[in-house]
Amino acid sequence: MKIAIAGAGAIGAYLGAKLVQAGFDVYFIARGPHLDAMKKNGLKIIDRGGETFTVDVNAFSNSSEIGPVDLVFLTLKAHSLSSYVPSQLDSLLGSDTTVVTAQNGLPWWYFMYHGGGFDGRNIERLDPDGKISKILDPSRIIGSVVYLATIIDQPGVIRFQEGDRFTLGELDGSDSFRVNSIAEAISAAGMRARVNKNIRQEIWVKLLGNLAFNPLSVITRATLYDMATHEGIVDIARSAMLEATKIANELGIRIPISIEKRIEGVKSVGHHKTSMLQDLESGRPIELEAMLGSVEELGEILNIKTPYISALYSCTDLLTKHKGN
4 MKIAIAGAGA IGAYLGAKLV QAGFDVYFIA RGPHLDAMKK NGLKIIDRGG ETFTVDVNAF
64 SNSSEIGPVD LVFLTLKAHS LSSYVPSQLD SLLGSDTTVV TAQNGLPWWY FMYHGGGFDG
124 RNIERLDPDG KISKILDPSR IIGSVVYLAT IIDQPGVIRF QEGDRFTLGE LDGSDSFRVN
184 SIAEAISAAG MRARVNKNIR QEIWVKLLGN LAFNPLSVIT RATLYDMATH EGIVDIARSA
244 MLEATKIANE LGIRIPISIE KRIEGVKSVG HHKTSMLQDL ESGRPIELEA MLGSVEELGE
304 ILNIKTPYIS ALYSCTDLLT KHKGN
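Spelled out as structure tokens, the structure:
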């Protein structure tokens with residue numbers, strides 16, 4: 004199986020390195036000093052417990068140097084997709100290429116093969132001009148939810164932080180050979196992977212915490228533990244999560260974990276900075292539309308009021324614009 008990691012940053016490079024270590028044929032697409040370091044020195048992983056290993060990698064700046072592959076892990080941040088997909092993805096696609104999407108928040112394909120009255124509807128905040136959908140047919144896509152935290156310690160060096168779990172699912176809910184094969188490949192690379200016939204439910208489970216605590220972390224600069232133990236912040240988070248739950252319920256999703264348990268889970272992570280706060284502090288764009296704007300849009304479509312989500316969106320949007328993001 005020929006595999007491409009499209010966007011070999013912290014998550015993608017770690018996943019790719021583990022797949023290389025397991026014997027898979029993997030190609031990395033990256034840029035800048037990180038790409039240069041991988042080409043020169045290989046890709047070093049500082050894994051759990053401080054264990055380290057280095058793999059030689061096939062690393063490129065342009066996907067045209069790789070050509071069609073069997074499987075693409077699309078591991079860029081959501082806001083990069085509308086420019087990346089038209090310029091880089093097309094040359095990786097053969098007649099039977101499968102693409103695993105691995106973004107936080109709601110995916111642009113949410114209503115593809117959804118069924119019901121919204122089937123095929125575009126989410127404007129995620130794919131405003133349809134560029135992604137024009138290139139990437141939904142029949143190619145496997146959705147995924149990633150529970151893995153890694154950072155680029157320095158160019159060419161990835162440090163594991165926590166988590167090792169991937170949930171995968173076909174958009175139409177089928178239990179296909181290909182989705183199970185991908186889960187087996189991830190498991191062979193030493194991580195946990197399972198198939199969920201309702202991948203949208205899993206997306207909402209993760210999003211429920213992200214849409215509240217990520218923007219609140221940007222506004223307050225606080226860690227997850229500090230926010231989850233502050234009564235006023237918890238009240239705001241709870242209210243935003245209730246709004247999101249109403250939207251999910253209206254779309255036929257029943258979230259199997261209570262909001263209170265979700266908040267307790269946030270608290271248990273400890274003094275950890277959210278990915279959105281880390282991006283802000285590093286001067287990188289944040290995942291505002293995927294985590295908040297798209298949910299606000301669904302509220303408008305469904306005529307569900309979202310005052311807390313809208314307030315968090317507006318405050319975070321203004322703050323990041325003043326930061327130059």
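Quick note on numbering: the sequence shown equals residues 4 to 328 in the numbering used here. A virtual CB, placed ideally from N, CA and C, is assigned to each residue, including glycine.
query	result
Judging by CA-CA distance, which residue of Ser278, Ser147, Leu109 is the nearest neighbour of glutamate 165?	Ser278
CA-CA distance, histidine 325 and glycine 193?	42 angstroms
Secondary structure at isoleucine 161, three-state DSSP: helix, strand or coil?	strand
Find the nearest neighbour of glutamine 106 within the set Gly15, Arg124, Gly268, judged by alpha-carbon distance.	Gly15
Tell me which residues share the same chain as tyrosine 311 and place their Cβ nearer than 7 angstroms to its Cβ, disregarding the 5 neighbours each side in the sequence.	Ile239, Ser242, Ala243, Glu246
Between the beta-carbon of glycine 108 and the beta-carbon of valine 60, is there less than 9 angstroms?	no
Could you please give me the residues that DSSP links to glutamate 173 through a beta bridge?	Ile145
In chain order, what residues of the same chain lie with their CB nearer than 8 angstroms to the CB of serine 64, ignoring the 5 residues before and after it?	Ile32, Ala33, Arg34, Leu38
On the three-state DSSP scale, how would you describe glutamate 7?	The sequence given here has alanine at residue 7, not glutamate. Note: alanine 7 maps to strand in three-state DSSP.
Please specify which runs of the beta strand (DSSP E), each continuous and at least 3 residues long, are wholly inside the region 191-272, giving them in chain order.	195-198
Taking the C-alpha atoms as reference points, what is the distance between histidine 117 and leucine 210?	18 angstroms
Around the C-beta of lysine 137, are 16 or more other C-beta atoms found within 10 angstroms, so that it is buried, or is it exposed?	exposed
Residue range of the beta strand (DSSP E) that serine 98 falls in?	96-104
Report yes if the C-beta of proline 141 is less than 8 angstroms from at least one heavy atom of the ligand PLP; otherwise report no.	Inclusion of the ligand PLP in the displayed structure is not the case, the ligand content being empty and no account of it being possible.
Note down the Cα distance separating serine 86 from lysine 80, rounded to an integer number of angstroms.	11 angstroms
For tyrosine 311, which of helix, strand or coil comes out of DSSP?	helix
Among Asp130, Arg265, Lys308, Asp93, whose alpha-carbon lies nearest the alpha-carbon of serine 67?	Asp93
Could you give the first and the last residue of the continuous alpha helix (DSSP H) run that contains lysine 134?	134-138
Over the uninterrupted alpha helix (DSSP H) stretch that includes isoleucine 304, give me the two end residues.	297-305
On the DSSP letters alone, give me the boundaries of the beta strand (DSSP E) that isoleucine 32 sits inside.	28-32
Taking DSSP as the reference, what is the three-state secondary structure of tyrosine 113?	coil
Which runs of the beta strand (DSSP E), 3 residues or longer, sit entirely within the region 52-92?	55-58, 61-63, 72-77
What are the start and end residues of the alpha helix (DSSP H) that includes leucine 22?	13-24
Give me the Cα-Cα distance between asparagine 183 and leucine 321, rounded to the nearest whole angstrom.	43 angstroms
Name, in chain order, the residues that DSSP records as bridge partners for threonine 319.	According to DSSP, threonine 319 bridges with nothing at all.
Measure the Cβ-Cβ separation of alanine 11 and threonine 101 and say whether it is below 9 angstroms.	no
Cα separation between valine 221 and tyrosine 150?	21 angstroms
If the criterion is Cβ atoms closer than 9 angstroms, does the pair leucine 305 and isoleucine 250 meet it?	yes
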